[in-house]
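Below you'll find the structure, written out as structure tokens, and then a few comments.
In the numbering used here, the protein residues as written are 412 to 662.
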């Protein structure tokens with residue numbers, strides 16, 4: 412199961428069934444110290460609906476969320492079964508030409524970046540049903556910046572429980588992302604590896620995936636942590652070293 416905090420927009424947590432919560436506010440945050448590979452991407456769409464739901468933004472956004480959920484569920488049934496899918500749809504914006512701009516973020520386990528991106532971008536030209544309307548995808552573009560960092564970090568006060576330490580460090584990283592990129596539209600943060608040292612410090616490999624930011628800007632933020640202190644909910648984290656690089660996208 413994905414453990415997430417959400418602060419903006421409508422979000423669907425997909426398990427055996429689909430539950431909808433909204434409106435709530437914020438992007439996706441994964442807090443997990445496992446090495447499970449999970450793919451995050453942020454997608455911009457141009458869509459039209461029949462009937463036109465532009466008069467009620469929440470109704471339109473929720474209906475589109477249902478349609479996207481069906482598409483993902485049919486393509487990735489194992490990820491659904493394993494409860495490794497989350498979808499967030501920001502409120503859609505209606506255009507004067509009758510189209511709508513929509514931004515959705517997708518978190519899907521057990522798939523590659525290339526596979527997920529290719530599948531979603533293949534929706535262009537397709538018409539799918541929501542509970543109320545038929546949605547046609549006129550354009551689709553997906554991207555997320557991806558950075559991995561190998562760090563040595565020390566918490567003050569000391570946190571001896573490795574799970575608590577990992578989660579608090581992710582809190583600190585998430586706050587850094589929000590502060591630097593207020594216009595981002597979602598993120599996924601994960602501790603791929605974490606090990607405690609005898610002196611109370613931690614060796615950590617963290618992966619960051621953020622939507623609506625450039626690769627260069629995300630890499631610059633992560634590299635700027637070296638020699639700095641970042642604040643988590645429980646501790647201040649001194650980043651003794653940080654070696655960060657852009658991730659390769661595997662097919």
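C-beta atoms are modelled at their ideal positions from N, C-alpha and C, and glycine is treated no differently.
- By alpha-carbon distance to residue 520, the top candidate from 509, 494, 501, 502 is 494.
- Its chain contains 451, 452, 453, 620, 621, 622 as the residues whose beta carbon lies nearer than 7 Å to that of residue 555, once the 5 sequence neighbours on both sides are disregarded; these appear in chain order.
- Cβ-Cβ separation between residue 491 and residue 476: approximately 15 Å, too far for a contact (criterion under 8 Å).
- CA-CA distance, residue 638 to residue 574, rounds to 24 Å.
- Restricting attention to 532, 611, 504, the CA atom closest to the CA of residue 468 is found in 504.
- 534 is the residue among 553, 644, 559, 534 whose C-alpha sits nearest the C-alpha of residue 547.
- According to the DSSP assignment, residue 486 belongs to the alpha helix (DSSP H) that extends over 468–486.
- The secondary-structure analysis by DSSP pairs residue 654 across a beta bridge with 561.
- Residue 525 is classed as exposed because its beta carbon has fewer than 16 other beta carbons within 10 Å across all chains shown.
- Per DSSP, the continuous beta strand (DSSP E) segment holding residue 642 begins and ends at 640–642.
- Assigned with DSSP and collapsed to three states, residue 603 falls in strand.
- In this structure, the alpha-carbon of residue 557 lies about 12 Å from that of residue 449.
- Ranking 487, 532, 513 by CA distance to the CA of residue 457 puts 513 first.
- Residue 478 and residue 532 have their C-alpha atoms roughly 15 Å apart.
- Sorting 626, 643, 632 by C-alpha distance to the C-alpha of residue 658 places 626 at the top.
- Residue 530 holds the alpha-carbon nearest to the alpha-carbon of residue 552 among 563, 566, 530.
- Judged by DSSP in its simplified three-state form, residue 630 adopts helix.
- Residue 636 places its beta carbon less than 7 Å from that of residue 653.
- Contact between residue 650 and residue 564 holds: CB atoms are separated by about 5 Å, below the 8 Å threshold.
- Its Cα nearest to that of residue 502, the residue 455 stands out among 522, 455, 509, 539.
- A straight-line Cα-Cα distance of about 39 Å links residue 656 and residue 538.
- The Cβ-Cβ distance between residue 602 and residue 612 does not fall below 7 Å.
- Of the candidates 509, 464, 628, 486, the residue whose Cα lies closest to the Cα of residue 593 is 628.
- Counting the other CB atoms within 10 Å of its CB gives residue 584 a total of 16 or more, which places it among the buried residues.
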